[in-house]
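The UniProt record's numbering numbers the first residue of the sequence shown as 1 and each following residue consecutively.
Here a beta-carbon is modelled for each residue, glycine too, at the ideal position from N, C-alpha and C.
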Amino acid sequence: MSSELRRTLLIKKRYPTETLAQIILAVISFYALTLGGKFMAGGVLLGNRLTDLIIGYGLWMLVLNTVGDMGFGIAEEAENGTLEQLFISPLGPLKLFLIRAAVSLGMSLLFIGLVLFGILWLTGIQLTVQPIQLVPAIMALIVSFALGLLVAGLAIVFKRISQALNIFEFGFVFLLMIPFNTSGPLLAFVGHFVPLYPIFSLLRELLHPAGRSIDTASLMAWCLINTLFWLSIGITVFQRAVKLARNRGTIGHY
């Protein structure tokens, strides 16, 4: 863990302007998004809508950074010819990538925290964090971690998945904005299994207790199911991808 953290910090230290540019770009992109929302709505975008947008943007960045780091990281290792060396590590591929995912999540949280600070400063919105809100936040971290393993498994088998990653990353934000809960019982049930969607809904409910419209206990249970569902899929796909690549002898191929 310490070696991986040191490696990541050295990369960030070597390219500080790139990290700073990413933070500034993320804040400016959100501000431009809110300006576009004001124009489309024909007025000022305030209240719950802006808060929900901030939550959705934060979750999207969490998935974007975690999935991107895992997927593009493996593709880069394969291109450089160093991926096979990771598989002969004494830790084994699963433990090694679990450590990488944990470090990636930590760096993503720091990045998102700085971005959200800039967004809240620009918009003047104040978010009050309560202890109960940490429960869905932890679940969101686990789901992002699971999605990272899922993408890592696909990258091990197919290597070049950059275009698929771009589609996934930018399509995911639209999934979060689909009103599954108010689109009929069938879509409401499907929405419970969309990654992070019930967690997004629970965070909205906890942040707006006055307008609470969903049973929080029931939604919390669906969040737990969603978390376990995607965690099991992520680990299973990763392990099977490693086994498939080993059987084919394509771990070091690109």
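Check, Outcome
"Does the separation of the CB atoms of Phe111 and Met61 fall below 9 Å?", "yes"
"Exposed or buried, which one is Glu77 when buried takes at least 16 other CB atoms within 10 Å?", "buried"
"Val237: buried (16+ other C-beta within 10 angstroms of its C-beta) or exposed?", "buried"
"Could you check the C-alpha separation between Phe172 and Leu33 for me, to the nearest Å?", "16 Å"
"My assumption, with CB atoms under 8 Å, is that Ile161 sits in contact with Ala152. Please give the rounded CB distance.", "About 10 Å; that fails the 8 Å criterion."
"Could you tell me which of Phe229, Leu114, Met70, Arg14 sits nearest to Ile23, measuring between CA atoms?", "Leu114"
"Going along the chain, which residues of its own chain have a beta-carbon closer than 6 Å to the beta-carbon of Phe180, five neighbours each way excluded?", "Leu187, Ala188, Gly191"
"Quick one: using the 10 Å Cβ neighbour count with 16 as the cut-off for buried, is Trp121 buried or exposed?", "exposed"
"How about the stretch 50 to 67 and the stretch 130 to 147: do they share at least three Cβ pairs that are nearer than 8 Å?", "yes"
"If you draw a straight line from the C-alpha of Leu207 to the C-alpha of Val67, how long is it?", "27 Å"
"Can we say the stretch 86 to 98 touches the stretch 123 to 133, given the rule of at least three CB pairs closer than 8 Å?", "no"
"What is the C-beta distance between Met177 and Gly58, in whole angstroms, given that I count them as a contact (C-beta under 8 Å)?", "Contact flag wrong, Cβ pair sits at about 14 Å."
"Applying the criterion that 16 or more other CB atoms from any shown protein chain within 10 Å of the CB defines a buried residue, is Ile11 buried or exposed?", "exposed"
"Could you give the uninterrupted runs of the alpha helix (DSSP H) lying entirely in the stretch 114 to 167, keeping only those of 4 residues or more?", "134 to 158"
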